Each structure stands twice: as structure tokens, then as C-alpha cells.
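Visitor:
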Amino acid sequence: RPNLLNVAASLRDNSAFFQSEVMRPANDPKERDPAHVRMLNDVLRDLEKSFLIPNPPPGFY
Numbered sequence: 001r002p003n004l005l006n007v008a009a010s011l012r013d014n015s016a017f018f019q020s021e022v023m024r025p026a027n028d029p030k031e032r033d034p035a036h037v038r039m040l041n042d043v044l045r046d047l048e049k050s051f052l053i054p055n056p057p058p059g060f061y
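For the sequence shown, counting from 1, position 56 maps to 56 in the UniProt record's numbering; every step adds exactly one.
1. For Leu4, does the count of other Cβ atoms within 10 angstroms reach 16, so buried, or fall short, so exposed?
2. Can you tell me which of Pro54, Pro58, Glu48 and Gly59 puts its alpha carbon nearest to the alpha carbon of Ser10?
3. From which residue to which residue does the alpha helix (DSSP H) around Asn55 run?
4. State the Cα-Cα distance for the pair Asn41 and Ser15, rounded to the nearest angstrom.
5. Looking at Arg12: is its Cβ nearer than 8 Å to the Cβ of Arg45?
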């Protein structure tokens, strides 16, 4: 399972890198990230959270 957590974190990091490389931050709503990029980030963040254990036993990770 820690491997799945690493994969989810990597997906999120790669999507953030892609987003930052392709889209520059903008205050103008017309220049903001497309909804599908924001939705992808939300999905990947939620996916990563689903693998987290609130109180892991010592030595679990």
C-alpha cells in the first residue's frame, strides 16, 4: 500500500508540474487553468488521501 501512496503522490506532483509548465498563474479568469486540469488535481489529491491511515501503528510506513 505505501507503493500506491507513492504512485498517487507522483501523479499529483506530475500533474502540478504539467500545470505549472503549461499554464502560468493568472488573475484574469480567462487565463486561469481549465476546469479539467483543476478537476484532475482534485481527483488525484482525493485519491492520495484515500490511501492515508489516520493513526498508523509504529513502523507501518
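Glycine included, C-beta positions come from ideal geometry on N, C-alpha and C.
No experiment lies behind these values; they were computed from the predicted model shown.
Guide: By the coordinates alone:
1. Sequence index remark: in the sequence shown, residue 4 carries index 4 (1-based). The residue in question, Leu4, is exposed, as its Cβ has fewer than 16 Cβ neighbours within 10 Å.
2. Walking along the sequence shown from the start, residue 10 turns up at place 10. Out of Pro54, Pro58, Glu48 and Gly59, Glu48 has the C-alpha closest to the C-alpha of Ser10.
3. Counting from one through the sequence shown, the residue named residue 55 turns up at place 55. Counting along the chain, Asn55 falls outside any alpha helix (DSSP H), and DSSP gives it neither H nor E.
4. On the sequence shown, residue 41 is found 41 positions in, with the first residue counted as 1. On the sequence shown, residue 15 is found 15 positions in, with the first residue counted as 1. Their Cα atoms are separated by approximately 7 Å.
5. Looking up residue 12 in the sequence shown gives position 12. Looking up residue 45 in the sequence shown gives position 45. Yes, the Cβ-Cβ distance between Arg12 and Arg45 is below 8 Å.
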